[in-house]
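Participant:
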Amino acid sequence: MHEFTLEKRVSAIAAVLADYTRSRMLFLLMDGRAYTATELSAATDVVPSTTSAHLNRLVEESLISCIKQGRHRYFKIYNKEVAQLLENMMCFANGGYNDIVKISTPQSLRFFRTCYDHMAGEIAVKIHDSLLVNHWMTDNYELTPTGKDFLISLDIGSHMALSSRRKFACSCLDWSERHFHLGGFLGASLLDAFLKKKWAIRQLDSRELVLTESGKRGLKQKFDVEIDGGINRHMM
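With UniProt numbering, the residue at position 195 of the sequence shown is 195, and numbering never jumps.
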């Protein structure tokens, strides 16, 4: 029986993440959706047998989970803590190399994307700041009385958070903006609201979110967030 130590556990996780292909798989799964091994194999341009070996390693270290649906097996990020770890690593990797990242990362991805189960990018940062500036949320990420009314206007019931085991709201450092966006129950609820209202549309096989024209109007009317004219090419 192998003796468990925190040092060994950290070393094992670091070894798994050190592989480029496994890192790519994890980053693909950061859009919060579940994918089959075949889909991940095609997305990473790796043969199926090698893909299976990589996925098994990720499952062993509890970085991803496997969901069986009939004859199919789907893989997804294990939990929000793993997603937060990956997002923090992206932010750390970006530090000091911001100009390089801006050149190599598509502008649309930096503009609006998913971070596991919530929104990230320039738009998400503006939404986070709007909640604070308008006093809908305190600096401690607690909902205010006017904030409750605001959520109701978005068809989000704050009472649902009481039955949720996760934290109501929290900050999540955005790797491309170097500023906070919103995580937790509220962050996930806002993403759901944007998708249901067709304010945002997911892109296939990508973390990118496309802001629609109705989404632009919703940002202005609800959050008092203006979108620069130069970004319009990312909207539908």
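C-beta: ideal position from N, C-alpha, C; glycine also.
(1) Check this for me: beta carbons of Gly215 and Ala193, under 8 Å apart or not?
(2) Suppose the cutoff is 8 Å on Cβ atoms and the five residues either side in sequence are ignored; what does the same chain contact list for Asp117 look like?
(3) For Tyr20, is the classification buried or exposed, using 16 other Cβ atoms within 10 angstroms of its Cβ as the cut-off for buried?
(4) Are Thr38 and Pro48 closer than 8 Å when you measure CB to CB?
(5) Using the Cβ count rule (16 or more neighbours within 10 Å means buried), how would you classify Leu131?
(6) Whose C-beta lies closer than 6 Å to the C-beta of Ile13 among residues of the same chain, with five residues either side of it excluded?
(7) For Gly215 and chain B, any beta-carbon pair shorter than 8 Å?
(8) What's the C-alpha gap between residue 242 and Gln69?
(9) Using only alpha-carbon positions, find the residue among Thr138, Leu86, Val225, Asn134 that is nearest to Leu173.
Facilitator: Let me lay it out:
(1) no
(2) Gly32, Lys80, Ala83, Gly187, Ala188, Leu191
(3) exposed
(4) yes
(5) buried
(6) Glu61
(7) In the structure shown, chain B cannot be found, because there is only a single protein chain.
(8) The question about residue 242 has no answer, for the chain in this structure spans 1 to 236.
(9) Leu86
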